[in-house]
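So the structure is just underneath, and the comments pick up after that.
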Amino acid sequence: MACRSAEGATSATTRLAIDLDAIAANWRLLRRRHRGDVAGVLKADGYGLGAARVAPRLLSEGCRHFFTAHPQEARAIRPLLGDAMLGVLNGLCPDEARSYVEHDLLPALGTLREIEEWSGEARRLGRALPALLHLDTGMNRLGLDAEEFDALVRRPWLLDGVELRYVMTHLCAADTPDSLANAAQRVAFARDCARLDTVLDRSLPRSVANSSGLFLGDGFGSDLARPGAALYGINPVPGRPNPMRPVLRLSAMVLSVRTVPTGASVGYNGAWTAGRDSRIATVGAGYADGLPRALSNAGRASFDGRPVPLVGRVSMDLTTFDVTDHPAVRPGAWLELIGPDLPPDEVAACAGTSAYEILTSLGPRYERDYTAL
Ligand SMILES: *Cc1c(COP(=O)(O)O)cnc(C)c1O
C-alpha cells in the first residue's frame, strides 16, 4: 500500500518482498526428493504470491506441469506457460468444455457427467482431448466416488476420446504421517488404478502427493507430484524443522510512536491496557491486508531479529505493537510481520489457523516486490 505524493511518486508504507529464486530452489529440492515429475500448483494466485511471476520462473527451471483450482485462474496464466501441461483441479465446470479446449486446459475429471461432457466434446471435434482422471480415495470432496468408479470400470468406453494423461488422487492427511488415512488411501488408489489399467489394457501414469505427501516416503511417490505450499516456504512436515527456504518478507513501516501511561488502553474497545508506561508503535496494515484479527493481543512482529508483541485489536488498516523494550523503533522504522524471522507457520499458530490461510489472505494493497530476501 502506498501514499502518493504531489509529484506522483509512491512511498510505500508496507512491503511484500517475494524471492523467486527461493521458490525455484524449493521446487528443485522437491524434484530431488521425488522419483517422478514434480508439478507447480499455482491456485489462488500462487498462494497469494503472484502466479503470473511464479509460473514463468518455474517454467524456466524445467517445470512442465502446472495446476490451478479454477479455469479463470488457468486462462490468466496459460499464455505464460508455453506448451506445458496446465490442469484445472476443480474439474470441468458445466458448459466450459469449449473454453478449456481453446485454452489448452486439462480438466481433472471427477464425475461421470464431466467425463461424458469431455468425451462428447472430443467426438464433436473429431480428436482426442487430454485430461486427468480424479479418483476419490477418502477426501470425500471431489473425484469419482466408489459407485461412479465402478460404473466407469464397467463401461470404459465412456472414456472414448479422452486421452488420460494422469490418474490422480488427493491425500487428506499427508501432513500427519501417523494418520492411518495415508496408507488406506495409498492402498485404495493402487487397487483402483490396477482395475482401470486392466479394463483399458494400458498402464496409466499416476499422480498422488501434495507437498506433505512428498515427505511420506517412497510408497507415496508417483509419476507426478503436485506440491503447492512447500514451494512457497510453508513447512510440509509440521512439528519438524522446515526443510524449505523462506520465500517472502512482509514488512510495515511504523507510522507513529506514542507513549501511553500505565492504565491507558490501546485501540478498539480497550482490548489491551498498559501495565506500565509503554511506547506503542502503529503500522498501516490490518485485517483487510490479511493480518488475522485473531492475532489481537496474541501475535508479534520482529525487529532486528527480536520479537515485538502485538497489543490490542488488529483493526482493518492498522495494528499496534508494544515497543517499550525497543527504543530504536521510531516512526519510519520497519517491522517484519511475516518473514524469515517470523515464518508463516508461526504467524498461523498465533492466530489459530494454517499457514495456507495466512499466505492466501495477503491482500491486494501490498506492493509485491520480486527481489531476493
Ligand atoms: C491444493 C492441492 C494440491 C497442493 O497441495 P499443497 O498441500 O499446497 O502442496 C495438490 N493437489 C490438489 C488436488 C490440491 O487441491
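Counting in our numbering, the sequence shown runs from 10 upward without gaps. Beta carbons are placed, not taken as given, at the ideal position from N, Cα and C, and that holds for glycine. Keep in mind the model is a prediction, meaning the values are calculated, not measured.
Asked: Which residues mark the beginning and the end of the alpha helix (DSSP H) in which VAL356 is found?; Found: 353-360
Asked: Hey, out of LEU121, ARG377, THR380, whose CA is closest to PRO165's CA?; Found: LEU121
Asked: By the three-class DSSP mapping on this structure, what secondary structure does ALA190 have?; Found: helix
Asked: Smallest Cα separation from ASP350: which of PRO340, GLY314, LEU89?; Found: GLY314
Asked: Kindly indicate which residue of ARG136, GLY152, GLY135 has the alpha-carbon position closest to the one of HIS143.; Found: GLY152
Asked: Over the uninterrupted alpha helix (DSSP H) stretch that includes TYR365, give me the two end residues.; Found: 364-369
Asked: Could you check whether the Cβ of VAL50 sits closer than 8 Å to any heavy atom belonging to ligand 2?; Found: As far as ligands go, the structure on display features ligand 1 and does not contain ligand 2.
Asked: Ignore the nearest five residues each way along the sequence and tell me which others in VAL338's own chain have a CB closer than 7 Å to its CB.; Found: VAL263, VAL266, ALA290, PHE312, VAL332
Asked: Per DSSP, what are the beta-bridge partners of ALA289 in this structure?; Found: Ala is not the amino acid found at residue 289; the sequence shown has Ile there. The partner list for ILE289 (beta bridge, DSSP) reads ARG267, ASP331.
Asked: For the beta strand (DSSP E) that contains ASP378, what are its first and last residues?; Found: 377-379
Asked: Any heavy atom of ligand 1 within a distance shorter than 8 Å of the CB on TYR175?; Found: no
Asked: When every heavy atom of ligand 1 is checked, does at least one fall within less than 8 Å of the C-beta of PRO80?; Found: no
Asked: Is the region 355-372 close to the region 273-285, with three or more CB pairs under 8 Å?; Found: no
Asked: Compute the Euclidean distance between the alpha carbons of ARG40 and LEU67, then round it to the nearest angstrom.; Found: 12 Å
Asked: Take every Cβ of the region 83-102, pair it with every Cβ of the region 111-131, and state whether three or more of those distances are shorter than 8 Å.; Found: yes
Asked: Identify the continuous beta strand (DSSP E) that holds ALA61 and give its terminal residues.; Found: Element bounds for ALA61: not the beta strand (DSSP E) but the alpha helix (DSSP H), 60-70.
Asked: For ALA60 and LEU344, I'd like the C-alpha separation in whole angstroms.; Found: 26 Å
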